[in-house]
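S.K.: Before I ask anything, let me first share the structure, which is written out below as structure tokens.
Protein chains: 2
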Amino acid sequence: MPIVKKTYKDQVVDYVYQLLLTNELGPGDQLKESLLAEQMGISRAPIREAMKELIMNGLVDYRPQVGNFIPVLSPKQIVDSYTTRGVLEGYAVMETCDQFSAEEVDKLENLTEQMENYADKKNHKMVIEAGGEFHDLLISKNNNVQLLEYTDRLSLKLHILFFKYLGKLYGPSEVGRRHREIVESVKSKDLGLIEKVIRQHYVETGSKIAIL
Amino acid sequence: MPIVKKTYKDQVVDYVYQLLLTNELGPGDQLKESLLAEQMGISRAPIREAMKELIMNGLVDYRPQVGNFIPVLSPKQIVDSYTTRGVLEGYAVMETCDQFSAEEVDKLENLTEQMENYADKKNHKMVIEAGGEFHDLLISKNNNVQLLEYTDRLSLKLHILFFKYLGKLYGPSEVGRRHREIVESVKSKDLGLIEKVIRQHYVETGSKIAIL
DNA sequence: TCGATGTCTAATGTCGACATTAGACATCGA
DNA sequence: TCGATGTCTAATGTCGACATTAGACATCGA
Numbered sequence: 079m080p081i082v083k084k085t086y087k088d089q090v091v092d093y094v095y096q097l098l099l100t101n102e103l104g105p106g107d108q109l110k111e112s113l114l115a116e117q118m119g120i121s122r123a124p125i126r127e128a129m130k131e132l133i134m135n136g137l138v139d140y141r142p143q144v145g146n147f148i149p150v151l152s153p154k155q156i157v158d159s160y161t162t163r164g165v166l167e168g169y170a171v172m173e174t175c176d177q178f179s180a181e182e183v184d185k186l187e188n189l190t191e192q193m194e195n196y197a198d199k200k201n202h203k204m205v206i207e208a209g210g211e212f213h214d215l216l217i218s219k220n221n222n223v224q225l226l227e228y229t230d231r232l233s234l235k236l237h238i239l240f241f242k243y244l245g246k247l248y249g250p251s252e253v254g255r256r257h258r259e260i261v262e263s264v265k266s267k268d269l270g271l272i273e274k275v276i277r278q279h280y281v282e283t284g285s286k287i288a289i290l
Numbered sequence: 079m080p081i082v083k084k085t086y087k088d089q090v091v092d093y094v095y096q097l098l099l100t101n102e103l104g105p106g107d108q109l110k111e112s113l114l115a116e117q118m119g120i121s122r123a124p125i126r127e128a129m130k131e132l133i134m135n136g137l138v139d140y141r142p143q144v145g146n147f148i149p150v151l152s153p154k155q156i157v158d159s160y161t162t163r164g165v166l167e168g169y170a171v172m173e174t175c176d177q178f179s180a181e182e183v184d185k186l187e188n189l190t191e192q193m194e195n196y197a198d199k200k201n202h203k204m205v206i207e208a209g210g211e212f213h214d215l216l217i218s219k220n221n222n223v224q225l226l227e228y229t230d231r232l233s234l235k236l237h238i239l240f241f242k243y244l245g246k247l248y249g250p251s252e253v254g255r256r257h258r259e260i261v262e263s264v265k266s267k268d269l270g271l272i273e274k275v276i277r278q279h280y281v282e283t284g285s286k287i288a289i290l
């Protein structure tokens, strides 16, 4: 079993991400290098390097010589990010819709049912997990590395919002409906419909979160 | 006239980018922190921070504890990046096609003629400049900040390739045709056509560069 | 001759210290 | 009272030094 090598920078990125997911850090909060360094028992050098990465992923707002802050996203920024995510995933799935086997389509339907069931039980964590699996499978046929990279990058950011607001967004049957729509469009192999449905799937979520 | 503040990190990013554009740095080359630091007369700290940014923009390949290298892009990676760029721009333009004034459409046509003329004179630098202006105007109506950010990021990478190969890609009349197609699609206000034409515009370039 | 092991070093990862700057707050004068 | 100016400091930007590691190359034994 090989040792997993991880620089301090990578561990800092993960740590800060967890703080964001668990709401220990939120919009407007400042990330002070010295404080984080002290908390983690390391020097500021890897902290600063981690900051650069979080900045590039839109998870931190950097004000030169002032400080690093957790972004306060405007409703428009939220919608913009979700919209962009939808454009990327819509295209990715549209391009590969003829590559899904019957088993895989079944799997998508199954995950949709799981999401609805978990939502019914108000198990948001599992809704998100099944949802992640759903979208991962959906996009898995596309191997455009650039598109997948940008999709993943955006997911980091949007996952925080989604994690925070899921309970307030959709009822159980809505959760089911929204994902069944996607599965139906994939089954239809109607390229225009696939992109339209997936884009709308994201715009809908972005718009809802934007008004919370 | 305000002083333009620029950290060493930003200057390093710019410097390395220039080396890439002018082919003083190319695929497979290693970027050694100490060497760059020495060349620029600064410490390694801002060099390392610049590296992180270049890595996030796909301009540097980072191998932990081994070194930083200029990526050798496979044909597939080239096509993937161009394709992704086309998906983003296609959507951006499709969404705003009804916001172009007659003057702006004229401007696009004018820039197309300029590109053709410069290509005729083999003035690649000016072809690129007019082309940049063309695509900037095209996308200028869309104010989706996330989408524009990703488009800009991708442009950094693709600009290097384009700059390097432009002379080998298209004859003057092809340069004109390709851009006129875009303008005609915008004038048609046929949403599906706009996305299709712009996507193809990028896929065509990516595919051509990929076989060079 | 070839695979295993050892050695060395160039390059990166991280450290603690120092320099610089933005912004908060105090002071002063009109 | 309010705008201009001054002061101070917390936070970032950068420095040079030291620790660690991957990989190149040498050596050795089967």
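Order-wise, the sequence lines are chains A and B. All residue numbers for the first sequence refer to the working numbering, where the first residue is 79 and numbers rise by one. All residue numbers for the second sequence refer to the working numbering, where the first residue is 79 and numbers rise by one. All C-beta atoms in this analysis are idealised placements derived from N, C-alpha and C, irrespective of residue type, glycine included. This one's a predicted model, so the numbers in the text were calculated from it and none came from an experiment.
For the alpha helix (DSSP H) containing residue 222 (chain B), list its first residue and its last residue.
M.R.: Unbroken run through residue 222 (chain B): none, as it is neither H nor E.
S.K.: What is the residue span of the beta strand (DSSP E) that residue 135 (chain A) lies within?
M.R.: Element bounds for residue 135 (chain A): n/a, residue is neither H nor E.
S.K.: Can you list, in chain order, the stretches of the beta strand (DSSP E) that have 3 or more residues and sit fully within the region 124–174 of chain A?
M.R.: Segments of the beta strand (DSSP E) lying fully in the region 124–174 of chain A: 139–141 and 145–147.
S.K.: Cβ closer than 8 angstroms: which chain B residues qualify as neighbours of residue 131 (chain A)?
M.R.: Those are 130 and 134, listed as they occur along chain B.
S.K.: Please list the partners that residue 270 (chain A) has in chain B, where partner means a Cβ-to-Cβ separation under 9 angstroms.
M.R.: Chain B residues near residue 270 (chain A): 270.
S.K.: Kindly list the residues whose CB is nearer than 8 angstroms to the CB of residue 204 (chain A), restricted to its own chain and excluding five residues on each side of it in sequence; keep chain order.
M.R.: For residue 204 (chain A), where only same-chain residues beyond five positions count, the Cβ hits under 8 angstroms are 192 and 196.
S.K.: Check whether chain B comes within 9 angstroms of residue 162 (chain A), counting only Cβ atoms and requiring the distance to be less than that.
M.R.: Yes, contact with chain B.
S.K.: Flag this pair as yes or no: are the beta carbons of residue 222 (chain B) and residue 161 (chain A) separated by less than 9 angstroms?
M.R.: Yes.
S.K.: What three-state label does DSSP hand residue 290 (chain A) in the structure shown?
M.R.: In this structure, residue 290 (chain A) counts as coil in the three-state DSSP scheme.
S.K.: Look up residue 271 (chain A) in the DSSP assignment and say whether it is helix, strand or coil.
M.R.: It is helical.
S.K.: What are the residues of the region 105–132 of chain A that lie near chain B, defined by any Cβ-Cβ distance shorter than 7 angstroms?
M.R.: The residues in question are 126, 127, 130 and 131.
S.K.: Out of B:252, B:181 and B:126, state which residue places its alpha-carbon closest to the alpha-carbon of residue 110 (chain B).
M.R.: Taking only the C-alpha atoms, the option nearest residue 110 (chain B) is B:126.
S.K.: Counting along the chain, where does the alpha helix (DSSP H) carrying residue 250 (chain B) start and finish?
M.R.: Element bounds for residue 250 (chain B): 250–266.
S.K.: Starting from residue 108 (chain B), follow its DSSP beta bridges and name the residues at the other end.
M.R.: The partner list for residue 108 (chain B) (beta bridge, DSSP) reads B:147.
S.K.: For residue 100 (chain A), which of helix, strand or coil comes out of DSSP?
M.R.: Coil at residue 100 (chain A), not helix or strand.
S.K.: Of the residues that make up the region 222–252 of chain A, which ones have a beta carbon closer than 7 angstroms to any beta carbon in chain B?
M.R.: Taking 7 angstroms as the Cβ-Cβ cut-off against chain B, the residues of the region 222–252 of chain A that qualify are 222, 223, 224, 225 and 228.
S.K.: Does the structure place the region 161–176 of chain A close enough to the region 228–247 of chain A that three or more beta carbon pairs sit under 8 angstroms?
M.R.: Counting Cβ pairs under 8 angstroms, three or more are found: they touch.
S.K.: Quick check: the Cα distance between residue 123 (chain B) and residue 258 (chain A), rounded to an integer number of angstroms?
M.R.: Residue 123 (chain B) and residue 258 (chain A): Cα-Cα distance of roughly 51 angstroms.
S.K.: What three-state label does DSSP hand residue 81 (chain B) in the structure shown?
M.R.: Three-state DSSP puts residue 81 (chain B) in coil, outside helix and strand.
S.K.: Ordered along the chain, which non-local residues of its own chain (more than five positions away) have a Cβ less than 7 angstroms from that of residue 182 (chain A)?
M.R.: The answer, listed in chain order, is 215.
S.K.: Could you give the DSSP three-state label for residue 240 (chain A): helix, strand or coil?
M.R.: If DSSP states are grouped into helix, strand and coil, residue 240 (chain A) belongs with the helices.
S.K.: Judging by CA-CA distance, which residue of B:141, B:146, B:97 and B:283 is the nearest neighbour of residue 108 (chain B)?
M.R.: It is B:146 whose Cα lies nearest to the Cα of residue 108 (chain B).
S.K.: I think residue 142 (chain A) touches residue 85 (chain B), with their Cβ atoms under 8 angstroms apart; what is that distance to the nearest whole Å?
M.R.: Confirmed, Cβ separation roughly 6 angstroms.
S.K.: Given a cut-off of 9 angstroms, decide if residue 97 (chain A) and residue 234 (chain A) are closer than it, judged by their beta-carbon atoms.
M.R.: For residue 234 (chain A) and residue 97 (chain A), no; Cβs fall outside 9 angstroms.
S.K.: Buried or exposed, going by whether 16 or more other CB atoms sit within 10 Å of the CB of residue 194 (chain B)?
M.R.: With 16 or more Cβ atoms within 10 Å of its Cβ, residue 194 (chain B) is classed as buried.
S.K.: For a contact meaning CB atoms closer than 8 angstroms, what does residue 165 (chain B) contact in chain A?
M.R.: Residues of chain A passing the Cβ test: 165, 166, 169 and 225.
S.K.: If we call anything under 9 angstroms between Cβ atoms a contact, is residue 103 (chain A) one with residue 148 (chain A)?
M.R.: Contact: yes.
S.K.: Check whether the Cβ of residue 190 (chain B) lies closer than 9 angstroms to any Cβ atom in chain A.
M.R.: Not an interface residue.
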